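> My questions will all concern the structure given below.
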Amino acid sequence: FIVDAGAEVIAAAPRWQLSTLLMWAEADRCVAPRGSEAFAAAAPAQVVATRPWPGLAHEIFNEPEKAQVTAVLTAWLNR
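Residues in the sequence shown are numbered consecutively from 497, following the numbering used here.
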């Protein structure tokens, strides 16, 4: 969806203030990962934590690696 909203979302990224964990599947065939990558590159690193998941498909919490995905989310929430 970030790619669809495109320029508007990416343009807002440098002003992002909400603490965010942005995780995406690099092997996603439903949504292009490039939107998340572009947002992450433009957003303040101290506000937006990123975690790409190489080899995972669209539903990262339903992949065989779901325990690792959940652990990353849990660690981020408990920080």
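We treat Cβ as the ideally placed atom computed from N, Cα and C, and that holds for glycine. The model shown is predicted, which means the values in this text are computed figures rather than measured ones.
Are the CB atoms of Leu518 and Val544 nearer to each other than 8 Å?
Taking the sequence shown and counting its residues from 1, the one referred to as residue 518 is at position 22. Taking the sequence shown and counting its residues from 1, the one referred to as residue 544 is at position 48. Cβ atoms of Leu518 and Val544: closer than 8 Å.
> Which residue marks the beginning of the beta strand (DSSP E) containing Arg586, and which one marks its end?
One cannot answer for residue 586 here, as it falls past the ends of the chain, which runs 497 to 575.
> Spatial neighbours of Trp512 within its chain, please: C-beta separation below 7 Å, excluding the five flanking residues on both sides.
By one-based count along the sequence shown, residue 512 stands at place 16. So the list reads Ala539, Pro540, Val543 and Val544, once near-sequence residues are dropped.
> With distances taken between CB atoms, is the gap from Met553 to Glu561 smaller than 8 Å?
On the sequence shown, position 57 is the one that residue 553 refers to. On the sequence shown, position 65 is the one that residue 561 refers to. Here residue 553 is Ala; the residue named in the question, Met, does not match the sequence. The answer is no: Cβ separation not under 8 Å.
> Expressed to the nearest angstrom, what Euclidean distance is found between the alpha-carbon atoms of Pro548 and Glu504?
On the sequence shown, residue 548 is found 52 positions in, with the first residue counted as 1. On the sequence shown, residue 504 is found 8 positions in, with the first residue counted as 1. Approximately 22 Å, taken between the alpha carbons.
> In chain order, what residues of the same chain have a beta carbon less than 6 Å from the beta carbon of Phe529, not counting five sequence neighbours either side?
The residue you call residue 529 lines up with position 33 of the sequence shown. Reading off the sequence shown, one finds Pro at residue 529, where the question assumed Phe. Excluding sequence neighbours, Pro529 sits near Trp520 and Glu522.
> Under a Cβ-count criterion, where at least 16 other Cβ atoms within 10 Å of its own Cβ denotes burial, should Ser515 be classed as buried or exposed?
Taking the first residue of the sequence shown as position 1, residue 515 is located at position 19. Exposed, by the Cβ-count rule.
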